[in-house]
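Peer 1:
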Amino acid sequence: MNKILMVSALSAGLLLAGCQSVNTTSGGAVGVERKQYMFSMLSTDQVNQMYAQSYQKTMGEASAKGVLDKTSSDAKRVQAISSRLIAQAPVFRPDSAQWNWEVNLIKSDELNASCGPGGKIIFYTGLINKLKLTDDEIAAIIGHEIAHALREHGREAMSKAYGIEMAKQGAGALFGLGQDSLALADTVANYGMTLPNSRGNENEADLIGLELAARAGYDPNAAITLWNKMSKASEGAPPEFMSTHPSSSSRIASLQAAIPKVMPLYQQARK
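If you count by mature numbering (1 follows the signal peptide of the UniProt record, and there is no 0), then the sequence shown holds residues -17 to -1, 1 to 254, one letter each, in order.
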């Protein structure tokens, strides 16, 4: 067996040995069902605490630069929309009702938004200003990002990184490669906190986000107009928010197929 194959086998073995199958959310009306494998020594609380520290640092830096917006009409708008979506999060995972949710708007031309582990939301004014977003379209974005947090996609990525880095350490011992470049914790944090989500995870976030928005009384059809706007804004070079997302055509097709499943929820919420 060559070294590459041996490292791959070792990685797979360590990942399976150290991981447990979890069900982070219910499937909902949209039917998101997929087994997730999380590193058993990396708990939800640990990841939430790690990200909370990073989030507070980011907010502190934004405040120091004068770009943290807490008082404008847009800040209040984003907060109000987020609150309605957050109220629906326990439908997918009841423990999210106890999360320390935070919502902040940052003045920036970036077309970007995020919701980190534990419910830490960041929204950038560039999305509102450049795309002229409606409340329903803002809800589509925030719902999508909340879904990433509910599904613990960050912890999932970190779990995979643990398996890879542990395999590297094992390979280093086997082949005498040394340990000086194997900064396990830093690498794992990088995977979980900074690297983009997989396309499969993006599709899950699309579907759960669609249902969250519908349950909160926001028109699910806005997800279609949103991604049409995002596609037009990209002009062949996707903004950071879309950099690894599915192509606009496949994304829109998936959303269109799911809208009939959540439309009754929207209609009920609007009564």
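For glycine and all other residues, C-beta sits at the position ideal for the given N, C-alpha and C.
Beta-carbon within less than 7 Å of Pro203's beta-carbon, same chain only, minus the 5 sequence neighbours each way: which residues are those?
Peer 2: Same-chain partners within the cutoff: Leu193, Ala196, Ala197, Ile242, Val245, Met246 and Tyr249.
Peer 1: If I measure Cβ to Cβ from Ile89 and keep anything under 8 Å in the same chain, skipping five residues before and after, which residues do I get?
Peer 2: Closer than 8 Å at Cβ, skipping near neighbours: Ala45, Val50, Leu51, Asp52, Ile105, Phe106, Tyr107 and Thr108.
Peer 1: Tell me, to the nearest whole angstrom, how far the beta carbon of Ile207 is from that of Asp118; I am working on the premise that it is less than 8 Å.
Peer 2: No, Ile207 and Asp118 are not in contact; Cβ-Cβ is about 15 Å, not under 8 Å.
Peer 1: Among Arg234, Ser97 and Asp78, which residue has its Cα nearest to the Cα of His131?
Peer 2: Per the Cα distances, Ser97.
Peer 1: Please report the straight-line C-alpha distance between Lys143 and Tyr34, rounded to a whole angstrom.
Peer 2: In a straight line, the C-alpha of Lys143 is about 17 Å away from that of Tyr34.
Peer 1: Quick one, which of Gly11, Ser4, Tyr38 and Glu135 has its alpha-carbon nearest Ser23's?
Peer 2: Minimum Cα distance to Ser23 is reached at Ser4.
Peer 1: Excluding the 5 residues flanking Asn184 on each side, which residues of the same chain have their C-beta closer than 6 Å to its C-beta?
Peer 2: Within the same chain, Asn184 has close Cβ partners His136.
Peer 1: Are the beta-carbon atoms of Thr27 and Phe75 separated by less than 8 Å?
Peer 2: Not closer than 8 Å, so no.
Peer 1: Name the residue from Asp189, Thr54 and Ala216 whose alpha carbon lies nearest to the alpha carbon of Arg234.
Peer 2: The residue with the shortest Cα to Cα distance from Arg234 is Asp189.
Peer 1: Just tell me which of Gly102, Asn95, Asn87 and Ser91 has its CA closest to the CA of Gln32.
Peer 2: Of the listed residues, the one whose Cα sits closest to Gln32 is Gly102.
Peer 1: Using three-state DSSP, classify Met21 as helix, strand or coil.
Peer 2: Reduced to three states, the DSSP call for Met21 is strand.
Peer 1: Am I right that Tyr38 and Gly126 are in contact with their C-beta atoms under 8 Å? What's the rounded C-beta distance?
Peer 2: With a Cβ gap of about 19 Å, Tyr38 and Gly126 do not count as contacting.
Peer 1: For the alpha helix (DSSP H) that contains Val245, what are its first and last residues?
Peer 2: Residues Ser231 to Ala252.
Peer 1: Give the DSSP bridge partners of Gly11, in chain order.
Peer 2: According to DSSP, which records beta bridges pairwise, Gly11 is partnered with nothing at all.
Peer 1: Less than 6 Å between C-beta atoms, sequence neighbours within five positions excluded: which residues of the same chain meet that for Arg253?
Peer 2: So the qualifying residues of the chain are Gly200.
Peer 1: Quick one: what does DSSP say Asp202 is sitting in, helix, strand or coil?
Peer 2: Three-state DSSP puts Asp202 in coil, outside helix and strand.
Peer 1: Run the CB neighbour count on Arg17, radius 10 Å, all protein chains shown included, and call it buried at 16 or more, exposed below.
Peer 2: Per the 10 Å Cβ criterion, exposed.
Peer 1: Could you pull the DSSP bridge partners for Asn83 from this structure?
Peer 2: BP columns for Asn83 are empty, so no partner.
Peer 1: Could you name the residues of the same chain whose beta carbon sits closer than 7 Å to that of Val61, not counting the 5 residues immediately before and after it, in chain order?
Peer 2: Closer than 7 Å at the Cβ level, and outside the excluded window around Val61, lie Val86, Leu88, Phe106 and Ile121.
Peer 1: By how many angstroms is the C-alpha of Ile129 removed from the C-alpha of Arg67?
Peer 2: Each residue's alpha carbon lies about 12 Å from the other.
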